[in-house]
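Below is one structure, written out as structure tokens; comments come after it.
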Amino acid sequence: DAKTTQPTSMDCAEGRAANLPCNHSTISGNEYVYWYRQIHSQGPQYIIHGLKNNETNEMASLIITEDRKSSTLILPHATLRDTAVYYCIVRGPINYGGSQGNLIFGKGTKLSVKP
Amino acid sequence: DAGVIQSPRHEVTEMGQEVTLRCKPISGHDYLFWYRQTMMRGLELLIYFNNNVPIDDSGMPEDRFSAKMPNASFSTLKIQPSEPRDSAVYFCASSFSSLAGRTGELFFGEGSRLTVL
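Top line first, the protein sequences correspond to chains A and B.
The first sequence begins at 29 in my numbering and counts up by one.
The second sequence begins at 718 in my numbering and counts up by one.
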């Protein structure tokens, strides 16, 4: 089972920031938080990941709470092309030994960016 | 780079027929994953390989499913015999494990949409 809880859907106005929350209250100390998104009819796309510090890249920012039990993905200026399902995933170290390194996808949040 | 290449993009077949899905990972990547996506079950990991060796196949639904990776640039997922409940989009993904800066980023292909009548 996925170790995360996300809202089923969210709306965002074009040009505004989209803030997507994720709860992962049972996260272990060595588990990372990953975000992927899936645009309709395409394969999932990596966005960003983090362990405990906030992270930013060209696509988004990831804010992780100090207790690491929740995080927020921020798309600073959402466009219509950002309409997608966003998956928050917790995952162990990338040793791929057994299942701890596997990406287990939950239901995600369907983000709809509206004009 | 061309990315992960999957074929066919669409396959329609009749129950009982053999289905073979193909994947070419990104050159230099040493991990390859097969996922299945349905409306009911979402994205499920079926099997993954490291350096062409199957590491975890616990997600393979039953013996009708088999996957091979004969070399670093090619993998197949075979269903024999196929059943209507196998209808889904099958994704292949690859990644690279470097000694430093492991991002764990998976690169997914566009998927193969399978319909079994």
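Glycine included, C-beta positions come from ideal geometry on N, C-alpha and C.
Cβ pair residue i, residue j closer than 9 Å
i	j	result
F766 of chain B	S792 of chain B	yes
S804 of chain B	P725 of chain B	no
L834 of chain B	M732 of chain B	yes
L794 of chain B	S783 of chain B	yes
S89 of chain A	N81 of chain A	no
L101 of chain A	A46 of chain A	yes
C40 of chain A	K142 of chain A	yes
E761 of chain B	F133 of chain A	yes
Y748 of chain B	S814 of chain B	yes
L139 of chain A	V113 of chain A	yes
L738 of chain B	Q723 of chain B	yes
Where residue i sits in the DSSP three-state scheme
i	result
R802 of chain B	helix
D110 of chain A	helix
I67 of chain A	coil
H727 of chain B	strand
K741 of chain B	strand
T33 of chain A	strand
N788 of chain B	strand
M38 of chain A	strand
D773 of chain B	strand
Q797 of chain B	coil
L131 of chain A	coil
R758 of chain B	coil
S812 of chain B	strand
Exposure label - residue i; buried when at least 16 CB within 10 Å
i	result
A810 of chain B	buried
G126 of chain A	Caution is warranted here: a pLDDT of 47 is assigned to G126 of chain A, below 50, making its placement in the model unreliable, and no coordinate value can be reported.
V61 of chain A	buried
S799 of chain B	buried
V806 of chain B	buried
G43 of chain A	exposed
D773 of chain B	buried
V770 of chain B	exposed
D95 of chain A	exposed
R802 of chain B	exposed
Q.
Residues of the region 48 to 81 of chain A in Cβ contact with chain B at a cutoff of 9 Å, in chain order, please.
A. Within the region 48 to 81 of chain A, the qualifying residues are Y60, Y62, Y64, Q66, S69, Q70, G71, P72, Q73, Y74 and H77.
Q. Going along the region 821 to 832 of chain B in order, which residues come within less than 7 Å of chain A, judged by CB to CB distance?
A. Interface annotation for the region 821 to 832 of chain B against chain A: G821, E822, L823, F825, G826, E827 and G828, criterion Cβ-Cβ distance under 7 Å.
(Q) Against chain A, which members of the region 783 to 815 of chain B pass a CB distance test of less than 8 Å? (A) Listed by position, the residues of the region 783 to 815 of chain B near chain A (Cβ gap below 8 Å) are F808, A810 and S814.
Q | Chain-ordered residues of the region 727 to 759 of chain B with a beta carbon less than 7 Å from chain A | A | Residues passing the 7 Å Cβ filter: Y748 and G759.
Q: Let me know the beta strand (DSSP E) ranges lying completely inside the region 42 to 104 of chain A, each 3 residues or longer, listed in chain order.
A: Fully enclosed beta strand (DSSP E) runs of 3 or longer: 46 to 51, 60 to 66, 73 to 78, 89 to 92 and 98 to 103.
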